[in-house]
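Participant: Residues in the sequence shown are numbered consecutively from 2, following this note's numbering.
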Amino acid sequence: MSMIGNFLAVPQEELSALFDTPENIGSTLYEKHSDNVVDLDKAWHAIHFVLTGEQYGGAPPLANAVFGEAPIGEEDVGYGPALGTQAESVKQIAEAICAIEENDFRKRIDIPALSEAEIYPSIWDEGPEAADYITDYFKELQSFYKDAAQNNMAVITFIN
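1. What is the rounded straight-line gap between the Cα of residue 8 and the Cα of residue 58?
2. Between the C-alpha atoms of residue 36 and residue 62, what's the straight-line distance to the nearest angstrom?
3. Which runs of the beta strand (DSSP E) at least 3 residues long sit entirely within the region 65-91? Give them in chain order.
4. In angstroms with no decimal places, state the Cα-to-Cα distance between residue 78 and residue 95.
5. Grab me the residues of residue 23's own chain with a C-beta within less than 7 Å of its C-beta, minus the 5 sequence neighbours each way, in chain order.
6. Taking three-plus beta-carbon pairs below 8 Å as touching, is the region 101-119 in contact with the region 3-21?
7. Is residue 71 closer than 8 Å to residue 53 when the C-beta atoms are compared?
8. Compare the C-alpha of residue 148 against each of 97, 112, 92 and name the closest.
9. Looking at residue 155: is its Cβ nearer than 8 Å to the Cβ of residue 66?
10. Where do the N-terminal and C-terminal ends of the alpha helix (DSSP H) with residue 29 fall, by residue?
11. Would you mind reading off the limits of the alpha helix (DSSP H) that contains residue 105?
12. List the residues that DSSP assigns as beta-bridge partners of residue 8.
13. So is residue 90 buried or exposed if we call it buried at 16+ other beta carbons inside 10 Å?
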């Protein structure tokens with residue numbers, strides 16, 4: 002099975018309510034939010050690694066771009082719990098990732114390092130096509146965070 006990275010922008014009040022009643026996460030994730038969602042396909046882990054140099058973790062705000070700030074309860078929504086990021090932190094993430102030019106992001110992509118670190122997905126023998134794949138989805142993530150920050154939205158991330 003594939004692990005797909007999903008990002009959903011929601012009003013801060015909705016995220017706060019989910020932290021109080023995490024059992025409602027399923028209905029929130031699967032309601033129609035077509036204007037406020039981005040799917041990074043399988044590029045999420047590589048984007049995180051390129052931004053932070055870490056398989057998991059790293060320094061905020063860049064580390065929170067993919068893995069969020071805090072789990073929303075314990076319910077497994079695919080591959081672990083959904084993760085929430087407060088609206089104020091979304092602004093910091095947007096500022097940090099939007100400051101990275103496409104060429105600078107590309108220069109950070111180290112295919113041998115991605116392979117050695119066993120970063121998902123295992124496509125690193127595809128060379129330039131793999132770099133294109135990661136970069137295209139990074140640009141989508143930039144646009145998503147820019148829009149979320151401009152609209153004072155919080156973000157929910159989940160892998161399914």
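Note that the Cβ used here is the ideal one computed from N, Cα and C, for glycine as well.
Facilitator: In brief:
1. Mapped onto the sequence shown, residue 8 falls at position 7. Mapped onto the sequence shown, residue 58 falls at position 57. About 18 Å.
2. Mapped onto the sequence shown, residue 36 falls at position 35. Mapped onto the sequence shown, residue 62 falls at position 61. For residue 36 and residue 62, the distance between alpha carbons rounds to 24 Å.
3. 84-86
4. Within the sequence shown, the letter at position 77 stands for residue 78. Within the sequence shown, the letter at position 94 stands for residue 95. Straight-line Cα distance between these residues: approximately 25 Å.
5. If you number the sequence shown from 1, residue 23 lands on position 22. These residues qualify, in order along the chain: 73, 74, 76.
6. Between the region 101-119 and the region 3-21, the count of C-beta pairs closer than 8 Å stays below three; the two stretches do not touch.
7. What you label residue 53 is simply residue 52 of the sequence shown in a count that begins at 1. What you label residue 71 is simply residue 70 of the sequence shown in a count that begins at 1. Cβ distance not < 8 Å, so residue 53 and residue 71 don't count as in contact.
8. Within the sequence shown, residue 148 is the residue found at index 147, counting from 1. The shortest Cα separation from residue 148 among 97, 112, 92 belongs to 92.
9. Within the sequence shown, residue 155 is the residue found at index 154, counting from 1. Within the sequence shown, residue 66 is the residue found at index 65, counting from 1. No, the pair does not count as a contact, with Cβ atoms beyond the cut-off.
10. Taking the sequence shown and counting its residues from 1, one reaches residue 29 at position 28. Residues 26-30.
11. In the sequence shown, counting from the first residue as 1, residue 105 sits at position 104. It spans 103-109 - the alpha helix (DSSP H) in which residue 105 sits, taken as one unbroken run.
12. Taking the sequence shown and counting its residues from 1, the one referred to as residue 8 is at position 7. For residue 8, which the question treats as bridged, DSSP gives the partners 39, 158.
13. In the sequence shown, counting from the first residue as 1, residue 90 sits at position 89. Residue 90 should be labelled buried.
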